[in-house]
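A.B. asks: One structure follows; several queries about it will come next.
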Amino acid sequence: GFLEENEVLALRCFAQAAQNAQHPGAMFMLADALLEGGILETNTELAARWLLAAGDRGHRGARSRLFALLTFQQQNIPQTYRKKNSSSKFTDASRQTLRRRKTELYFHS
Numbered sequence: 022g023f024l025e026e027n028e029v030l031a032l033r034c035f036a037q038a039a040q041n042a043q044h045p046g047a048m049f050m051l052a053d054a055l056l057e058g059g060i061l062e063t064n065t066e067l068a069a070r071w072l073l074a075a076g077d078r079g080h081r082g083a084r085s086r087l088f089a090l091l092t093f094q095q096q097n098i099p100q101t102y103r104k105k106n107s108s109s110k111f112t113d114a115s116r117q118t119l120r121r122r123k124t125e126l127y128f129h130s
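Structure, rendered in C-alpha cells:
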C-alpha cells in the first residue's frame, strides 16, 4: 500500500539523522526546509550552518546552495559566514573533483 505523506515526521527524521548521524543528505534537506519555510519557520542563518556542515561532508548540492546564499542573499547571512567560509573553498573542491573525473575518463578510455 501507499504511505501517507507526513512532512512533520519527515522533518523530524531529517533532524535526527542530521544531528545524531551527521548525515549530509539529511543536513541538506533540513537546510532546505529552513530556507523554504512552511512547517519550520524560515531561518536563513541556521540553514547556512546546515549547508556548511553538509558541504564539509562532501554534499555538492549543499555547496551549491550555500554559494547561492552567499552570492545572492548576503544581507541575510551574518558577516562571519561571508568572511570565514568563503564560497571558493567549496567551488574549488568541486572543480578539483570534476577535473579528476575528467582526467580519469580520459586516461581510462
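Residue numbering for the sequence shown follows our numbering, starting at 22 and increasing by one per position.
Here a beta-carbon is modelled for each residue, glycine too, at the ideal position from N, C-alpha and C.
(1) Taking the CB atoms as reference points, tell me whether A52 and A31 lie closer together than 8 Å.
(2) Please report the straight-line C-alpha distance between N64 and L24, rounded to a whole angstrom.
(3) List in chain order: all unbroken alpha helix (DSSP H) runs of 4+ residues lying wholly within the segment 25-88.
(4) Between which residues of its own chain and C34 is the CB-CB distance below 8 Å, once the five residues before and five after are set aside?
C.D. replies: On the basis of the supplied data:
(1) Looking up residue 52 in the sequence shown gives position 31. Looking up residue 31 in the sequence shown gives position 10. Contact annotation: A52 and A31 have beta-carbon atoms that are not nearer than 8 Å.
(2) Along the sequence shown, read from residue 1 onward, the residue named residue 64 stands at position 43. Along the sequence shown, read from residue 1 onward, the residue named residue 24 stands at position 3. Whole-angstrom Cα-Cα distance: 29 Å.
(3) Taking only runs of at least 4 residues, the alpha helix (DSSP H) segments lying wholly in the segment 25-88 are 28-41, 45-57, 65-77.
(4) Looking up residue 34 in the sequence shown gives position 13. These residues qualify, in order along the chain: A47.
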